[in-house]
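The opening residue of the sequence shown carries number -5 in my numbering; numbering runs sequentially from there.
Note that CB positions come from ideal geometry on N, CA and C, so glycine has one too.
Presented below is the structure to which this report refers.
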Amino acid sequence: MFRSFFPNPKLFFTSAIAVTVAAIVLFFVIGAPIRSVISIDRFLAPAICAPAANPAPGATADSGTSSTDTATPAAGTQTTTAEATANTEAAAPAAAGTAAVPTPAAATPANCVAEDTNFLTGAKIWEYQYILMVTVLFCTFWYLYDRNEWYWWSVFGTAALMLSVYGQVQISAWVNDWQGGFFNVLQQALNEPGSVSPEQYWPYVVTLFAVLTPNILFLIALNFFTSHYVFRWRKAMTSYYMAHWPAIHTTEGAAQRVQEDTMRFASIMEDLGTAFVSSLMTLVVFLPILWDLSTNITELPIFGNVPGSLVWVALVSAALGTALLWGVGIKLPGLNFQNQKVEAALRKELVYGEDHENRPEPATFQELFANVQRNYFRLYFHYTYFNLARYAYLNVAGYIPLLALSPSILAGTLTLGIYQQVQNAFGEVASSFQFFARAWTTIVELISIYQRLHRFESFIPRDQEPIREPLSGASR
């Protein structure tokens, strides 16, 4: 399943995880000095001006004493209105010579800005450049160390898929930030008609379309690439199995394993793999955002004020849901595996009937079909209570953010922009935490396919290397 496509799968995936962790640590530890040397953001993004030093409120320019020292009468004294006026007039020239000295305005260099408002900020440009550099180094290592005939799809193609997933997560984070400003402007425009000018409103809309329109074209290209990626994986598996066909052709359902299961395994692994990586990246990006947004929440129902409250709500609700669905769905993988066995037996008998008039015999066919019926009825029963738990949890989980925000909504501490940001960020984090709960039926299907292919591969010697095809681009 893996060694037919990836070079040395155990080492490949272990090295990918190790490189990812090391790259993240290095980025936060020594990323700044590296950025100052090799980053291209200084050529593409404006520099950020250093904050100007402002004098402390109430401080004078010479002696540092507060102006209230001369304005406050001594304790126990009484002054009339005329005396107070005379004292004020007498003190005015002195104050004009000391505290009224104007502070020179800090000069702002012409080649810097107070804030980088571009979609691709300097920090983001450096972050993307760093990730791209690490990816190129990883792919180069495997090109030199252990390149197989599927290298450009298994190594380079997998890296490209991971980069595309990261890009989609970054766009989601940007949209979340965009929603905060846009919905605040929208709330102001609805509450105070005429208070928002077209110059304030339309830049939000134009910027959104400028970001999402190219992304639509990218998603189309990504879908095309992914389809080819899955088929190349299927082709690698099929070539591997057919090279060992003499040893495995007597296995029950061998034809189905090669023709159907290779396609389904490659497709589901790609879907689940990218979804799982996307969930991890989403947590890395959105957890800090959701933690910061939690400062706008006054308190949680029952529990009161909890630091990072929304993060804990998302984590606990997802953990409970995952544990619930795992418990009620624990029998499903075995039943799906058994279902494929009885279906294969029935299919095999029908195939014999295409070449032999006396096959299938009525008694044999009825027995085989009865086995299929029995297994399907068992599946229907077990999926009934599994779906009850699944749909109940997923429907209730959709309203958890509203319940968590209820005290803050009633207290009026949330703007429409913050509410939209919280809803979006909470949804991203909760959906990532709920990955196993939402994908459990697909995981069950993948487990059953894996069990069948694993048994199928057990007839191939474990020390047998994959049969390598000629390195021809046309053949792949």
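- Counted as a single uninterrupted DSSP element, the stretch harbouring I34 is not any alpha helix (DSSP H), since DSSP gives it neither H nor E.
- For the pair of segments examined, the region 342 to 356 was found not to touch the region 292 to 299: the number of CB pairs separated by less than 8 Å stays below three.
- Looking at the backbone, the Cα of N170 and that of Y413 are separated by about 11 Å.
- Contact between T407 and T256 does not hold, since the beta-carbon distance rounds to 56 Å and is not under 8 Å.
- Sorting E143, Q162, I283 and A386 by C-alpha distance to the C-alpha of P208 places Q162 at the top.
- Only buried fits K229, as 16 or more other CB atoms lie within 10 angstroms of its CB.
- Residues V252 and T256 of the same chain have their beta carbon placed closer than 7 Å to that of T232, with the five preceding and five following residues left out of the count.
- In terms of CA proximity to Y198, F176 leads the group N217, Y137 and F176.
- Burial check for I283: the Cβ neighbour count within 10 Å reaches 16 or more, so the residue is buried.
- Inclusion of F430 and L309 in the CB contact set at 8 Å is not warranted, their separation being larger than that value.
- Here the alpha carbons of F450 and L344 stand approximately 22 Å from one another.
- Sequence-distant Cβ neighbours of F363 in its own chain, meaning closer than 7 Å and more than five residues away, are L340.
- Around the Cβ of N185, a 10 Å sphere holds fewer than 16 other Cβ atoms; the residue is exposed.
- The DSSP-derived three-state label of G328 is helix.
- Of all C-beta pairs linking the region 186 to 205 to the region 213 to 223, fewer than three are shorter than 8 Å, placing the two stretches out of contact.
- When C-alpha distances from T289 are compared across I454, G151 and S402, the shortest belongs to S402.
- Rounded to whole angstroms, the gap between the alpha carbons of K342 and G247 is 8 Å.
- In terms of Cα proximity to V13, the closest of R36, Y122, S442 and V130 is V130.
- Pairing Q173 with T409 gives a Cβ-Cβ distance that is not under 8 Å.
- Fewer than three Cβ pairs drawn from the region 135 to 143 and the region 371 to 383 lie within less than 8 Å of each other, which leaves the two stretches out of contact.
- In this model, V190 and N178 are separated by some 11 Å (Cα to Cα).
- Rounded to the nearest angstrom, the gap between the Cα atoms of A183 and N418 is 22 Å.
- Minimum Cα-Cα distance from K325 among the listed residues L38, V438, N365 and K335 corresponds to V438.
- In the DSSP assignment, W306 falls within the unbroken alpha helix (DSSP H) covering S303 to V322.
- Counting of Cβ neighbours within 10 angstroms places P1 among the buried residues, the total reaching 16 or more.
- Note on I34: under 16 other CB atoms within 10 angstroms of its CB, so exposed under the neighbour-count rule.
- For the pair N369 and E254, the Cα-to-Cα distance works out to about 20 Å.
- Within the region 110 to 193, complete alpha helix (DSSP H) segments of at least 4 residues are found at 116 to 139 and 152 to 185, given in chain order.
- Ranked by how close their Cα comes to the Cα of I262, the residues F453, W434 and N389 have W434 in first place.
- For N365, the enclosing alpha helix (DSSP H) begins and ends at P356 to A391.
- It is roughly 30 Å from the alpha-carbon of K335 to the alpha-carbon of H222.
- Around F(-1), the same chain offers W144, S148, W227 and A230 as residues with beta carbons nearer than 6 Å, after the five sequence neighbours per side are excluded.
- Cβ atoms of M275 and Y160 come within 8 Å of each other, at about 6 Å.
- For A405, same chain residues with a beta-carbon under 8 Å away, outside a window of 5 residues either side, are T292 in chain order.
- In the three-state scheme derived from DSSP, where H, G and I count as helix and E and B as strand, G406 is classed as coil.
- Contact annotation: F331 and R258 have beta-carbon atoms that are not nearer than 8 Å.
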